[in-house]
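Quick mapping for you: the protein sequence lines, in order, are chains A and B. Converting from the first sequence to our numbering requires adding 1 to each position, the first position being numbered 1. Converting from the second sequence to our numbering requires adding 509 to each position, the first position being numbered 1. For each residue, glycine too, the CB sits at the ideal point set by N, CA and C. Predicted, not measured: the structure shown is a model, and the values here were computed from it. For reference, the structure is listed below as structure tokens.
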Amino acid sequence: MNDGRRLEFRFPADPAMLRQVREQVRSASLACGCCEKTVAELVIAINEACMNVIQHAYKGDCSGEIILEILNNGGELEFQLRDFAAPVDLARIKPRDLDDLRPGGLGTHFIHEIMDDCVYGHLGDRGNYLRMKKKIS
Amino acid sequence: MSYAVRTDGGYAVVELTGDVDLSCSPDARATILSCLTSNRPVLVDLSRVTYIDSSGVASLVEGYQTAKKKGLKFGLVGVSEAALSVLKLARLDKVFPIHATVADRIQADG
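Structural data, given as structure tokens:
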């Protein structure tokens, strides 16, 4: 991580960037002492969160920018994801019923299953944020 | 991700390799659905999958549902640990028929 406690990664909202995002999350989580299981889970959650921004905030516009910040708060990792898309309808962001078998809609379920805390919000009319926290042993 | 389709025991076996994410899951989806459109039963081999996200899982769910509608057999074989952990997270490991190998699936078919 940049100063040992914080890493910032800016990238275009392009699905081709997701591999790099996963690599960043993996190396940062390992550097913070997370076990392999937690690292794998964090990679899944952040990948899904970025996918949601690409698909639902930027609606496939690859020119949009996403900022991922990873903060080591000591005993807890915090992930902040910001975009500059039009504000999304926060009421529509919720995990779906898994008994309703259909393609899609699993990303938010994954994020909520893995993270200890998730907060969605708007950055005024300039974008959206998602703050996720995970306790690490 | 790369993919290949081979025929084994009457099944079209779709072999996915590498990371199956949003950048390539449309290809996986199209390949699976193409086999089903030509009325071939499908097994998706996930033994070489190193990562799969929800868009990749959605391709599998769509394949499963399409096969069901058409009365065709569908299943997963050789599911890697990485893929299995995601299927478990989605509670789909009990939904898809999963076998270790194509031969095991054929034997299970009787």
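| Check | Outcome |
| --- | --- |
| Proximal residues to residue 524/B (C-beta, below 6 Å), its chain only, five neighbours per side dropped | 513, 554 |
| Three-way DSSP call (helix, strand, coil) for residue 562/B in this model | coil |
| Within chain A, partners of residue 531/B - CB distance below 8 Å | 16, 19, 52, 55, 56 |
| Three CB pairs or more closer than 8 Å across the segment 65-78 of chain A and the segment 29-47 of chain A | yes |
| Buried versus exposed call for residue 6/A [16 or more other C-beta atoms within 10 Å across all chains shown] | exposed |
| For residue 22/A and residue 59/A, the rounded distance between their alpha carbons | 17 Å |
| Chain-ordered residues of the segment 592-615 of chain B with a beta carbon less than 9 Å from chain A | 594, 595, 598, 599, 600, 601, 604 |
| At least three beta-carbon pairs within less than 8 Å, the segment 569-589 of chain B to the segment 605-618 of chain B | yes |
| The alpha helix (DSSP H) enclosing residue 594/B, as first and last residue numbers | 590-598 |
| Outcome for residue 563/B when other beta-carbon atoms lying within 10 angstroms are tallied against a minimum of 16 | buried |
| Separation of residue 519/B from residue 133/A, as counted between CA atoms | 47 Å |
| Cβ shell of residue 582/B (< 6 Å), same chain only, five flanking positions each side left out | 550 |
| Closest Cα partner of residue 530/B within the set 16/A, 27/A, 25/A, 24/A | 16/A |
| Closer than 8 Å to chain B by CB, residue 86/A | no |
| Continuous beta strand (DSSP E) stretch holding residue 134/A: start and end | 129-136 |
| Contact between the segment 95-107 of chain A and the segment 562-576 of chain B (3+ Cβ pairs under 8 Å) | yes |
| Within chain B, the residues that residue 111/A reaches when beta carbons sit closer than 9 Å | 562, 563, 595, 598, 599 |
| Proximity winner among 33/A, 125/A, 117/A, 111/A, relative to residue 71/A (alpha-carbon distances) | 33/A |
| Beta-carbon separation (whole angstroms), residue 560/B vs residue 528/B, contact threshold 8 Å | 4 Å |
| Buried versus exposed call for residue 566/B [16 or more other C-beta atoms within 10 Å across all chains shown] | buried |
| Three-state class that DSSP yields for residue 525/B in the structure shown | strand |
| Listed by chain order, chain B residues near residue 108/A by CB distance under 7 Å | 563 |
| Opposing strand residues paired with residue 90/A [DSSP bridges] | BP columns for residue 90/A are empty, so no partner. |
| Neighbouring residues, chain A, relative to residue 567/B (Cβ below 9 Å) | 103, 104, 105, 106, 107 |
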